[in-house]
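Enquirer:
Residue numbers (the working numbering): 5 to 157.
1. Leaving aside the five residues before and after residue 129 along the sequence, list all residues of the same chain whose C-beta is less than 8 Å from its C-beta, in chain order.
2. Just verifying my parser: in three-state terms, what is the DSSP assignment at residue 49?
3. Compute the distance between the beta-carbons of residue 37 and residue 116, then report whether it is under 8 Å.
4. Rank 120, 113, 32 and 48 by C-alpha distance to the C-alpha of residue 136 and give the top, closest one.
5. Whole-angstrom Cβ separation of residue 150 and residue 104, contact assumed at under 8 Å?
6. Tell me the rounded alpha-carbon separation between residue 125 and residue 131.
7. If you draw a straight line from the alpha carbon of residue 144 to that of residue 79, how long is it in whole angstroms?
8. Taking 7 Å as the limit between beta carbons, can you name the residues of its chain near residue 40, skipping five residues before and five after?
9. As a quick exercise: from 43, 90 and 46, pick the residue whose alpha carbon is nearest that of residue 65.
10. When you compare only the Cα positions, how much space is there between residue 119 and residue 44?
11. Looking at residue 68: is its Cβ nearer than 8 Å to the Cβ of residue 157?
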């Protein structure tokens, strides 16, 4: 076997191994998950309107972080918060907050549960927040929801 063939085979093997080590992207949300997240966003805006606060607009950068967080929680089957400092920097924000929740129920119930929790309620009713991203994933018969709030710099 020539040196050239050996080198080509080694390079091919390196490409295959490297490809296997790269994390695959998170699975795309199903239509039901997108609808659930949209309804959570709508319900949060209804609550804010009832408190004379501006409606939160969707933001692509915050949506990416919300998607990532909902996927991670559903995959790991545990509730946790992400590093908000990374979101501040990546999305060029002045303020950031996050609500996460897991459980059965509909979007109205999820938001009601947040409103019954002082720290989550504070995020929803925080006057400076203007933008958001919301994601929901269903896994193990329950909904994993992440909402990221922000204010541009």
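Glycine included, each C-beta is placed from N, C-alpha and C at the ideal position.
Expert: Here's the rundown:
1. Hits under 8 Å: 51, 52, 55 and 57.
2. The answer is helix: DSSP assigns residue 49 an H, G or I state.
3. For the 8 Å CB-CB criterion, residue 37 and residue 116 do not form a contact.
4. Measuring from the Cα of residue 136, the nearest candidate turns out to be 48.
5. The Cβ separation is near 5 Å, so the contact holds.
6. Taking the straight line joining both Cα atoms gives about 12 Å.
7. Between the alpha carbons of residue 144 and residue 79 lies a gap of roughly 10 Å.
8. If we look at residue 40 and ignore the five residues flanking it on each side, its Cβ neighbours are 111, 140 and 147.
9. Minimum Cα distance to residue 65 is reached at 90.
10. Spanning the two alpha carbons is a distance of roughly 12 Å.
11. No.
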